[in-house]
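Undergrad:
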Ligand code: AMP
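Residue numbers (the working numbering): 33 to 241.
(1) Residue 138 bridges to which residues according to DSSP?
(2) Which residues in the same chain have their Cβ closer than 8 Å to the Cβ of residue 72, if we skip the five residues on either side of it in sequence?
(3) So which of 167, 98, 53, 218 has the shortest CA-CA distance to residue 154?
(4) Let's test the definition: count the other Cβ atoms within 10 Å of the Cβ of residue 204 and tell me whether it reaches 16, buried, or not, exposed.
(5) Indicate, with yes or no, if ligand 3 has a heavy atom lying under 8 Å from the CB of residue 129.
(6) Taking 9 Å as the cut-off, decide whether the C-beta atoms of residue 195 and residue 86 are in contact.
(7) Mark residue 178 as exposed unless 16 or more other C-beta atoms lie within 10 angstroms of its C-beta, in which case mark it buried.
(8) Would you check if the region 220-236 and the region 177-191 touch, i.e. whether three or more CB-CB distances between them fall below 8 Å?
(9) Return yes when the C-beta of residue 80 is under 8 Å from any heavy atom of ligand 1, and no when it is not.
(10) Going by other Cβ atoms of all chains shown within 10 Å of its Cβ, with 16 needed for buried, is residue 68 buried or exposed?
(11) Taking the alpha carbon of residue 96 as the point to measure from, which residue in 75, 119, 152 has its own alpha carbon closest?
(12) Out of 170, 239, 36, which one is the CA nearest neighbour of residue 114?
(13) State buried or exposed for residue 173, treating a residue as buried only when at least 16 other CB atoms are found within 10 Å of its CB.
(14) Is DSSP giving residue 60 helix, strand or coil here?
(15) What runs of the alpha helix (DSSP H), each 4 residues or longer, lie entirely inside the region 102-151?
(16) Is residue 90 near ligand 1 - that is, is its Cβ less than 8 Å away from at least one heavy atom of it?
(17) With a threshold of 16 other CB atoms inside 10 Å of the CB of residue 136, please say whether the residue is buried or exposed.
(18) If residue 202 and residue 147 are in contact, beta carbons under 8 Å, what's the gap, nearest whole angstrom?
(19) My guess is that residue 60 and residue 116 are in contact by the Cβ rule of under 8 Å, so how many angstroms apart are they, rounded?
(20) Leaving aside the five residues before and after residue 51 along the sequence, list all residues of the same chain whose C-beta is less than 6 Å from its C-beta, in chain order.
(21) By Cβ distance, which residues of its chain are closer than 7 Å to residue 108, with the 5 residues on each side in sequence left out?
(22) Under 6 Å Cβ to Cβ from residue 160, same chain only, skipping five residues before and after it: list those, please.
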């Protein structure tokens with residue numbers, strides 16, 4: 033089952049994707065994670081991508097599309113995959129279509145802007161194992177420390193307040209048009225993201241049949 037998770041930053045795509053990974057046994061492919069890994073490893077791609085990411089801008093399509101296609105071609109995607117954070121622009125979606133990669137469903141997670149801003153501001157990440165927390169909604173047992181691996185949690189640079197508002201603006205102008213794009217193709221499943229993760233996940237399961 034080849035799926036796309038669509039929605040603004042902070043709506044809970046990463047958390048929903050992790051639930052889908054264990055239920056459907058298909059990998060989550062987060063272009064944000066792949067890009068952060070490239071930045072960490074100081075690859076050519078990472079060095080080109082960093083300045084866009086730090087500013088909350090999108091990395092140019094040409095860089096992201098090649099990276100995504102290489103990833104989807106790997107063997108672990110044979111049974112399906114969950115794209116988290118890709119496509120982010122109409123040209124990215126068109127390139128996916130053109131490459132013959134079939135998409136079965138697009139899960140669109142929906143929440144009002146004020147909820148998004150609140151969620152993004154409180155988010156904390158484990159830089160080692162990738163676990164995600166929220167200071168209010170899902171705090172770690174010990175403040176500032178990852179429950180799973182004991183690493184000190186961080187606020188990602190692109191989750192700082194000045195960058196958040198730019199990321200939301202970029203989402204509205206460049207990514208939101210994808211909702212119409214996939215609705216026209218009859219692939220869109222809209223899910224209310226303002227409910228506990230269990231309920232969000234149930235709705236996703238129901239939508240996927
Ligand atoms: P994310 O973790 O998905 O919020 O992504 C973090 C950052 O990586 C974004 O703000 C962009 O700068 C970049 N990024 C991730 N996915 C894409 C994409 N599909 N197209 C362009 N830039 C992306």
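The C-beta atom is built at its ideal place from N, Cα and C for all residues, glycine as well. Since the model is a prediction, treat every value here as computed from it, not as a measurement.
TA: Inspection of the coordinates gives the following:
(1) Note: residue 138 sits in a beta bridge opposite 36, 220.
(2) Excluding five sequence positions before and after residue 72, the CB atoms of its chain that fall closer than 8 Å to its own CB belong to 78, given in chain order.
(3) Of the listed residues, the one whose Cα sits closest to residue 154 is 167.
(4) Answer is exposed; the Cβ neighbour count stays below 16.
(5) By its list of ligands, the structure shown excludes ligand 3, since it contains just ligand 1.
(6) Yes, the pair counts as a contact, with Cβ atoms nearer than the cut-off.
(7) Within a 10 Å sphere around the beta-carbon of residue 178 sit 16 or more other beta-carbons, which makes this residue buried.
(8) Counting Cβ pairs under 8 Å, fewer than three are found: no touch.
(9) No.
(10) So residue 68 counts as buried.
(11) Closest by alpha carbon: 119.
(12) Checked all of 170, 239, 36; the closest Cα to residue 114 is 36.
(13) The residue in question, residue 173, is exposed, as its Cβ has fewer than 16 Cβ neighbours within 10 Å.
(14) Reduced to three states, the DSSP call for residue 60 is strand.
(15) Counting whole runs of 4 or more residues, the region 102-151 contains the alpha helix (DSSP H) stretches 122-130.
(16) Yes, the beta carbon of residue 90 sits closer than 8 Å to at least one heavy atom of ligand 1.
(17) Exposed, since its Cβ has fewer than 16 Cβ neighbours within 10 Å.
(18) That pair is no contact at about 18 Å.
(19) That belief holds up - the Cβ atoms of residue 60 and residue 116 are roughly 5 Å apart, short of 8 Å.
(20) Around residue 51, the same chain offers 233 as residues with beta carbons nearer than 6 Å, after the five sequence neighbours per side are excluded.
(21) If we look at residue 108 and ignore the five residues flanking it on each side, its Cβ neighbours are 59.
(22) Non-local C-beta neighbours of residue 160 in its own chain, meaning closer than 6 Å and more than five positions away in sequence, comprise 181, 183, ordered along the chain.
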